[in-house]
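So the structure is just underneath, and the comments pick up after that.
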Amino acid sequence: MDTDKFHSSNSTDIIIGKNRQVDERAIIGYSPLRDDIDQSIRIGNNLIVLAGAIIYKGTRIGDNAIIGHNVVVREENIIGDNFKIWSNSVIDYGCNIGNNVKIHSNCYIAQFTSIEDNVFLAPGTTIGNDPHPGCDFSIECIKKANVFIKKGAQIGLNVTILPNVVIGERALVGAGAVVVDNVPAETVVTGNPARVSKSRYDLKCETGLTDNPYRRRQQ
Numbered sequence: 022m023d024t025d026k027f028h029s030s031n032s033t034d035i036i037i038g039k040n041r042q043v044d045e046r047a048i049i050g051y052s053p054l055r056d057d058i059d060q061s062i063r064i065g066n067n068l069i070v071l072a073g074a075i076i077y078k079g080t081r082i083g084d085n086a087i088i089g090h091n092v093v094v095r096e097e098n099i100i101g102d103n104f105k106i107w108s109n110s111v112i113d114y115g116c117n118i119g120n121n122v123k124i125h126s127n128c129y130i131a132q133f134t135s136i137e138d139n140v141f142l143a144p145g146t147t148i149g150n151d152p153h154p155g156c157d158f159s160i161e162c163i164k165k166a167n168v169f170i171k172k173g174a175q176i177g178l179n180v181t182i183l184p185n186v187v188i189g190e191r192a193l194v195g196a197g198a199v200v201v202d203n204v205p206a207e208t209v210v211t212g213n214p215a216r217v218s219k220s221r222y223d224l225k226c227e228t229g230l231t232d233n234p235y236r237r238r239q240q
């Protein structure tokens with residue numbers, strides 16, 4: 022990896038902390054087609070960016086980020102510390118992402134999505150934000166119909182989350198679910214459309230390593 026080479030029309034727009042490792046085939050500082058945004062990038066210490074990744078101008082990322090192969094991080098995103106995102110995933114513009122968030126491969130995060138701390142998205146997660154595509158008010162609408170994933174939620178394989186949905190704290194969304202309504206905190210939802218099936222504390226560990234993989238926290 023080349024630790025000093027960045028593909029940008031103006032490298033002074035890019036401020037990155039110590040101990041960076043950026044593959045020479047990655048692009049940090051890609052210019053969006055829009056002129057009305059901050060054209061700088063601020064990224065913290067210990068950044069790792071793998072080949073094929075693109076990070077647009079106008080984004081902020083904290084310390085200890087790992088950006089996988091062919092990831093696209095669009096403009097105007099604010100991302101916290103210890104962020105990890107794997108191959109071929111896309112974060113569209115205007116998202117807010119907290120600390121310790123992990124986004125696996127082949128995920129799409131729509132514009133203006135909010136993801137709080139300690140959230141995990143399994144491969145193939147798709148988040149939508151436009152309830153009426155093609156409507157004359159789509160641009161205004163997606164700002165009000167954004168998805169909100171709260172602290173500690175876990176999203177399973179190939180889940181689809183439709184616009185204007187809140188996933189509650191520490192909720193679990195089962196593989197293949199289509200989420201059309203809000204998900205209560207600490208519940209498990211499955212199916213299409215997703216419905217509550219149990220509490221997360223009712224889940225059993227099929228490997229036998231523990232009796233309860235999601236023990237209730239001590240108050």
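Residue numbering for the sequence shown is 22 to 240, as defined by my numbering. Virtual Cβ for every residue (Gly too), placed ideally from N, Cα, C.
For residue 49, the enclosing beta strand (DSSP E) covers residues 48-51.
The Cβ atoms of residue 217 and residue 198 lie no closer than 8 Å to each other. Taking all protein chains shown into account, residue 183 has 16 or more neighbouring C-beta atoms within 10 Å of its C-beta and is therefore buried. In this structure residue 69 does not touch residue 49 by the C-beta definition: roughly 12 Å separates them, more than the 8 Å allowed. With the rule of 3 Cβ pairs closer than 8 Å, the stretch 122-130 counts as touching the stretch 139-151.
Taking the C-beta atoms as reference points, residue 116 is found nearer than 8 Å to residue 133.
A straight-line Cα-Cα distance of about 6 Å links residue 236 and residue 222. For the 8 Å CB-CB criterion, residue 207 and residue 171 do not form a contact. Out of 210, 111 and 202, the CA that lies nearest to the CA of residue 98 is found in 111.
For residue 225, the three-state secondary structure derived from DSSP is coil. Here residue 163 carries a helix assignment [DSSP, helix/strand/coil]. Closest in C-alpha terms to residue 118, from the list 193, 232 and 173, comes 173. Note that the C-beta distance between residue 200 and residue 194 is below 8 Å.
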